[in-house]
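One structure is given here, and the rest of the page talks about it.
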Amino acid sequence: MKILLINKFLYPKGGAETYVFKLGQLLSAKGHSVEYFGLEHEDNIVFNSADSYVSHMDFSTGASKNLTAPFKIIYSREARRKLRLVLDTFQPDIVHLNNIQFHLTPSIILEVEKYRKSTNRKVKIIYTTHDYQLICPSHGLFDSELNICEKCLGGNFTHCLRTKCHKNSRAKSFLAMLDAYYWKFSKAYSYVDAFVCPSEFLKGKLDTQQRFADRTVTLHNFIEKQAPVNVEKQDYVLEFGHLSRDKGTLTLLEVARRMPDVHFVFAGFGSAVEAISQVPNAEYVGFKTGDELKMLIAKAAVSVCPTEIFENCPYSVIESQIYGTPVIGSQMGGIPELIQNGKTGLIFKAGVDSDLEDKLRYLLNTDGVLQAFTENCKNAEFETPDTYYEKLIRIYGE
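Reminder that position 361 of the sequence shown reads as 360 in numbering that gives the first Met the number 0, one-by-one numbering, no gaps.
Here is the structure:
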């Protein structure tokens, strides 16, 4: 098959990009022809044969410097035009959408539908939903103060404007509200054949709106099965990835203050880096990737995912267990789906530092528990490339 993967960023940036690149490699390895469509950028690592991409636009410059920006956030004629060149050149059997909002916009779905009708080709449209944008203008089910908020689930998006949910900006929240309403009443999403949800939690949220409910399917992100990492465990607790208040880093730092005899290590980036330096037994080691990150995870006694917002299917939770490190994760979003509570990790109540502290002390100080959890991680099962491929091909083919 010919498969066109669409994502606004075509260079390494976040979890969605990691998924898109790994999926492309998997599909290519299985003998399919794969091309990509997204924004033009000097750091792009994947391409298409038509050499057609959407002009990169920095929306942070404000409307005064770019009067057309507000309209392009909602609907992009350029994206439709550039995508049509790729469709005509590549002639895909599958168009697999990922993160498209604000830069590519759902208008490209209309172009795929137009292409289907004009060519009479049965092109399937698949949409992997990496966040909650389809049902929440702020994309994360939280308000401007990063508190959990589900007031827009019923389809009334005015709450976003009233509380400035999107980036705590009334102007941006207004545009986000308009975007949500515009595509709610458009037929665009009705042309999507299946919405792939990386967690049962996200599927449940999408199913609250009937316009999605009959086309959602859960498929957790996949990861390569790893041979056991033979390293000597060290006595430190690890958090890696995005380090910020909404990710629960400050809650973990409060626990670190109460456990001065334990070494806490933080790797990644984010607004909480400065706060880490103020805790004597906390160490910030910078942003790590590749084998360096792998060894950091494998040597840790415990990995913590303390997020206080709804996560989908965080790679940090999966990677920790794959590399033989138990995880203590908050009960947010899809995280509990990834941890065998009481075997490969523990679940705690998000934002409650006393509960996190109790779970950490139990795992670190109870004879035999940490060793047993570590051994259990060797048998942790997640979607492998092969199992993921089999399930995705069924979705493609249905």
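For each residue, glycine too, the CB sits at the ideal point set by N, CA and C.
These figures come from a predicted structure and were not determined experimentally.
Check                                                                                                                                                                            : Outcome
For Arg79, count neighbouring Cβ atoms within 10 angstroms of its own Cβ and tell me buried if that reaches 16, exposed if not.                                                  : buried
Tell me the rounded alpha-carbon separation between Gly13 and Asp42.                                                                                                             : 14 Å
Among all the DSSP beta bridges, which residues are the ones paired with Tyr35?                                                                                                  : Leu4
Tell me which same chain residues have a C-beta within less than 7 Å of the C-beta of Asp354, skipping the five on either side of it?                                            : Phe347, Lys348
Between the C-alpha atoms of Met121 and Glu380, what's the straight-line distance to the nearest angstrom?                                                                       : Per the sequence presented here, residue 121 reads as Lys, with Met not at that position. Computed Cα separation, rounded: 35 Å.
Whole angstroms is fine: what's the gap from Val111's alpha carbon to Asp385's?                                                                                                  : 29 Å
Exposed or buried, what is Asp178 when buried is set at 16 or more other beta-carbons lying within 10 Å of its beta-carbon?                                                      : buried
State the start and end residues of the unbroken alpha helix (DSSP H) segment that holds Thr398.                                                                                 : No answer is possible for residue 398: it lies beyond the span of the chain, which begins at 0 and ends at 397.
Label Lys263 either buried or exposed according to how many other C-beta atoms from any shown protein chain fall within 10 Å of its C-beta, with 16 as the threshold for buried. : For the sequence presented, residue 263 should be read as Phe rather than Lys. Buried is the call here.
Sorted by chain position, which residues of the same chain lie with C-beta nearer than 8 Å to Tyr10's C-beta, five sequence neighbours on each side aside?                       : Glu16, His40, Asp42, Asn43, Ile44
Taking its Cβ as the centre, do 16 or more other Cβ atoms sit within 10 Å of Gly139, making it buried, or is it exposed?                                                         : buried
In whole angstroms, what separates the C-alpha of Ser189 from that of Ile327?                                                                                                    : 39 Å
Taking Lys183 as the reference, which of Glu389, Asp192, Asn155, Asn47 has the closest Cα?                                                                                       : Asn155
Have a look at Ile5 and His219 and give me their C-alpha separation to the nearest angstrom.                                                                                     : 19 Å
Starting from Tyr387 and walking both ways along the beta strand (DSSP E), at which residues does that stretch end?                                                              : Here Tyr387 belongs to no beta strand (DSSP E); instead the alpha helix (DSSP H) covers 384-396.
Taking 9 Å as the CB-CB cut-off, is Arg244 touching chain C?                                                                                                                     : The structure shown has no chain C; it contains just one protein chain.
Bridge partners for Ile93 per DSSP, in chain order?                                                                                                                              : Ile2, Lys123
Consult DSSP for Gly203 and reduce its assignment to one of helix, strand or coil.                                                                                               : helix
Going by other Cβ atoms of all chains shown within 10 Å of its Cβ, with 16 needed for buried, is Gln233 buried or exposed?                                                       : exposed
If the criterion is Cβ atoms closer than 9 Å, does the pair Leu337 and Tyr361 meet it?                                                                                           : no
How about Lys246: is its Cβ closer than 8 Å to a heavy atom in the ligand COA?                                                                                                   : Ligands in the displayed structure: none, and consequently the ligand COA is not present.
So the beta strand (DSSP E) Ser172 belongs to, where does it begin and stop?                                                                                                     : Not the beta strand (DSSP E): Ser172 falls in the alpha helix (DSSP H), residues 169-184.
Could you pull the start and end residues of the beta strand (DSSP E) that Glu238 belongs to?                                                                                    : 235-241
Quick check on this structure: which residue in Glu199, Asp260, Ile222 has the alpha carbon closest to the alpha carbon of Ala212?                                               : Glu199
Give a yes or no on whether the C-beta atoms belonging to Thr398 and Gly332 are separated by under 9 Å.                                                                          : Residue 398 lies beyond the stretch modelled for the chain, which goes from 0 to 397, so this question has no answer here.
If distances are taken between C-alpha atoms only, which option among Asn97, Glu273, Thr104 comes closest to Ile124?                                                             : Asn97
When you compare only the Cα positions, how much space is there between Leu3 and Tyr388?                                                                                         : 16 Å
Express the C-alpha separation of Gly323 and Met294 in angstroms, rounding to a whole number.                                                                                    : 11 Å
Using a Cβ-Cβ cutoff of less than 6 Å, which residues in the same chain neighbour Asp92 once the five nearest sequence positions on both sides are dropped?                      : Met0, Lys1
For Asp50, does the count of other Cβ atoms within 10 angstroms reach 16, so buried, or fall short, so exposed?                                                                  : exposed
On a Cα-Cα basis, can you pick out the residue from Ala28, Gly30, Leu26, Leu84 that is closest to Lys37?                                                                         : Checking the displayed sequence, the identity of residue 37 turns out to be Gly instead of Lys. Of the candidates Ala28, Gly30, Leu26, Leu84, the one whose C-alpha sits nearest the C-alpha of Gly37 is Leu84.
Just curious, the alpha helix (DSSP H) that Ser198 is in, first and last residue?                                                                                                : Premise fails: Ser198 is in no alpha helix (DSSP H) and is neither H nor E.
Taking DSSP as the reference, what is the three-state secondary structure of Phe20?                                                                                              : helix
Measuring alpha carbon to alpha carbon, tell me which of Gln320, Glu310, Lys150 ends up nearest Val297.                                                                          : Note that residue 297 is Ala in the sequence shown, not Val. The candidate whose alpha carbon is nearest that of Ala297 is Gln320.
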